[in-house]
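Student: Residue numbers (the UniProt record's numbering): 1 to 293.
For glycine and all other residues, C-beta sits at the position ideal for the given N, C-alpha and C.
For clarity, every value in this text was computed on a predicted model and none was experimentally measured.
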Amino acid sequence: MAHGLGRGLSSLIPPKSNQFSVEAQQEASAPEIQTEASVVVLDLPILQIAENPLQPRQNFDDRTIGELADSIDRYGLLEPVVVVKEGTSWQLVAGERRLRAFRKLKRETIPAIVRTATELERLELAIIENVQREDLNPIEKATSYAKLVNEFGLTQEEAAKKIGIARSSLANAIRILDLPTEIQVALASRKITEGHAKILLGLESPAEQLAFFERITSGKTGSVRELSEAVQDTGKKSTKRSVVEHELAQLAERVQSNLGARVRISKKSNGRFQIIVDAYSAEELKSVIKKIS
Numbered sequence: 001m002a003h004g005l006g007r008g009l010s011s012l013i014p015p016k017s018n019q020f021s022v023e024a025q026q027e028a029s030a031p032e033i034q035t036e037a038s039v040v041v042l043d044l045p046i047l048q049i050a051e052n053p054l055q056p057r058q059n060f061d062d063r064t065i066g067e068l069a070d071s072i073d074r075y076g077l078l079e080p081v082v083v084v085k086e087g088t089s090w091q092l093v094a095g096e097r098r099l100r101a102f103r104k105l106k107r108e109t110i111p112a113i114v115r116t117a118t119e120l121e122r123l124e125l126a127i128i129e130n131v132q133r134e135d136l137n138p139i140e141k142a143t144s145y146a147k148l149v150n151e152f153g154l155t156q157e158e159a160a161k162k163i164g165i166a167r168s169s170l171a172n173a174i175r176i177l178d179l180p181t182e183i184q185v186a187l188a189s190r191k192i193t194e195g196h197a198k199i200l201l202g203l204e205s206p207a208e209q210l211a212f213f214e215r216i217t218s219g220k221t222g223s224v225r226e227l228s229e230a231v232q233d234t235g236k237k238s239t240k241r242s243v244v245e246h247e248l249a250q251l252a253e254r255v256q257s258n259l260g261a262r263v264r265i266s267k268k269s270n271g272r273f274q275i276i277v278d279a280y281s282a283e284e285l286k287s288v289i290k291k292i293s
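Written out as structure tokens, the structure reads:
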């Protein structure tokens, strides 16, 4: 599919000057509808249309499907679904929400445009329909992008070009799949935002990510800005603590060298320092005491 997805949804529907071939019309074995745009659309039996297994969208809201069904019932279908021929039946490529709305209305047929497409092209068409209409949640989007790269062997550059986004945007979207499952579920259900997820990705370990995720869900750092500030404060404290710990470790080594015994130095919460000398025998203890007395 050389033109990629950047051309938008208009690439799914033939322009005014185009019509389906006579062969395609005869092969369809379904009534034809002549639209105002001079595009032949087939009226296909809904029971013969299978859903797209490559559909990126995993969650369909019953309320919005109901609203779409009401709109279709009142004003009609403004844009046909897109299908490909599969043996004696059809497989949906784009328009699953519309198909579900027709089923809700208990309609027997639905207007459909027929295309020929490879599996890769079917995934591309499904992605463009959802992504350009902003229907996908961040996890569905990331999974779709990852599928283009992992299952169809595209480079991130090639996949980004097909979708019509920057490579960095695609790479950042896919990185979301590295987050712990609990966080991904919250992101998919929109309990947290993509902004939250980007900040959590900056943390080093899943344990840290989950700790800050709990702060989000508990309301301690609800907004993206609050989360960012909390992470920055922790980073500053961590850096400061690391410097102090390094200095104490160096000091402990010097004392240990002088005493000939293992030494640990730590700073207490009240600001005082604690020195622990490990003596493994009475003789070693006497030697240490002699050296410091």
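Quick check on this structure: which residue in Ile65, Thr118, Glu247 and Leu105 has the alpha carbon closest to the alpha carbon of Gln91?
Tutor: Comparing Cα positions, the closest option is Thr118.
Student: Could you pull out every residue in the same chain whose Cβ sits closer than 8 Å to the Cβ of Ala173, ignoring the five residues on either side in sequence?
Tutor: These residues qualify, in order along the chain: Pro138, Lys141, Ala142 and Tyr145.
Student: Mind checking Ala160: buried by the 16 CB within 10 Å criterion, or exposed?
Tutor: Counting Cβ neighbours within 10 Å, Ala160 comes out buried, since at least 16 surround it.
Student: If the criterion is Cβ atoms closer than 8 Å, does the pair Ala94 and Val81 meet it?
Tutor: Yes; because the gap between Cβ atoms is below 8 Å, this pair is in contact.
Student: Which one or two residues does DSSP pair with Ile276 in a beta bridge?
Tutor: Paired residues: Arg264.
Student: In this structure, does DSSP put Leu148 in helix, strand or coil?
Tutor: Correct three-state label for Leu148: helix.
Student: What span of residues does the alpha helix (DSSP H) with Leu187 cover, start to end?
Tutor: Unbroken alpha helix (DSSP H) run through Leu187: Thr181 to Ala188.
Student: Rounded to a whole number of angstroms, what is the C-alpha to C-alpha distance between Leu68 and Val185?
Tutor: So the two alpha carbons sit approximately 26 Å from each other.
Student: I need the boundaries of the alpha helix (DSSP H) containing Pro206, first residue and last residue.
Tutor: From DSSP, the alpha helix (DSSP H) with Pro206 extends over Pro206 to Ser218.
Student: With burial defined as no fewer than 16 other Cβ atoms inside 10 Å of the residue's Cβ, what is the status of Glu96: buried or exposed?
Tutor: When all chains shown are included, Glu96 counts as buried.
Student: Can the beta-carbon of Leu179 be found closer than 8 Å to that of Ala197?
Tutor: Cβ atoms of Leu179 and Ala197: closer than 8 Å.
Student: Do Leu259 and Val277 have their C-beta atoms closer together than 8 Å?
Tutor: The answer is yes: Cβ separation under 8 Å.
Student: Label Ile163 either buried or exposed according to how many other C-beta atoms from any shown protein chain fall within 10 Å of its C-beta, with 16 as the threshold for buried.
Tutor: Buried is the call here.
Student: Could you compute how far the alpha carbon of Leu78 sits from the alpha carbon of Pro45?
Tutor: Straight-line Cα distance between these residues: approximately 18 Å.
Student: Go ahead and pull the three-state DSSP assignment for Ser269.
Tutor: If DSSP states are grouped into helix, strand and coil, Ser269 belongs with coil.
Student: With Phe212 and Leu201 assumed to form a contact (beta carbons below 8 Å), what rounded beta-carbon distance in angstroms separates them?
Tutor: Actually they do not touch by this definition, with Cβ atoms about 11 Å apart.
Student: State the CB to CB distance for the pair Arg57 and Leu136, rounded to an integer number of angstroms; the pair is presumed to be in contact (CB under 8 Å).
Tutor: Indeed they touch by this definition, with Cβ atoms about 6 Å apart.
Student: Please report how far the alpha carbon of Asp233 lies from the alpha carbon of Glu214, in whole angstroms.
Tutor: Each residue's Cα considered, the two are about 17 Å apart.
Student: With a CB to CB cut of under 8 Å and the five nearest residues on each side skipped, what residues in its chain are close to Thr155?
Tutor: Excluding residues within five positions, the ones whose Cβ falls inside 8 Å are Val149.
Student: Is Asp61 helix, strand or coil when you go by DSSP?
Tutor: Residue state, collapsed to three classes: coil.
Student: Ile216 and Ile192: beta carbons closer than 8 Å?
Tutor: Yes, the Cβ-Cβ distance between Ile216 and Ile192 is below 8 Å.
Student: Starting from Glu157, trace the alpha helix (DSSP H) both ways and give me its first and last residue.
Tutor: Where Glu157 is concerned, the enclosing alpha helix (DSSP H) stretches over Gln156 to Ile163.
Student: Nearest by alpha-carbon distance to Val84: which of Ile65, Phe152 and Ala50 is it?
Tutor: That would be Ala50, whose Cα lies nearest to the Cα of Val84.
Student: So for Pro138, helix, strand or coil by DSSP?
Tutor: In the structure shown, Pro138 sits in a helix (DSSP, three-state: H, G or I).
Student: Going by the beta-carbon positions, is the gap between residue 315 and Glu157 smaller than 8 Å?
Tutor: Residue 315 falls outside the range modelled here, since the chain spans only 1 to 293, and no answer is possible.
Student: Who are the near neighbours of Val263 in its chain, counting only those whose CB is closer than 6 Å to its CB and skipping five residues on each side?
Tutor: Hits under 6 Å: Ala252, Val255, Gln256 and Val277.
Student: Across which residues does DSSP place Pro111 in a beta bridge pair?
Tutor: Answer is Asp43.
Student: Give the C-beta separation of Ile289 and Ile275 to the nearest angstrom, bearing in mind that I take them to be a contact with Cβ-Cβ under 8 Å.
Tutor: The pair is not a contact, with the Cβ atoms about 14 Å apart (cut-off 8 Å).
Student: Report, in whole angstroms, the separation of the C-beta atoms of Ala261 and Glu283, which I expect to be a contact under 8 Å.
Tutor: With 8 Å as the limit, Ala261 and Glu283 do not qualify as a contact, their Cβ atoms being about 11 Å apart.
Student: Given a cut-off of 8 Å on the beta-carbon distance, is the pair Ala112 and Leu47 in contact?
Tutor: Not in contact: Ala112 and Leu47 (Cβ atoms no closer than 8 Å).
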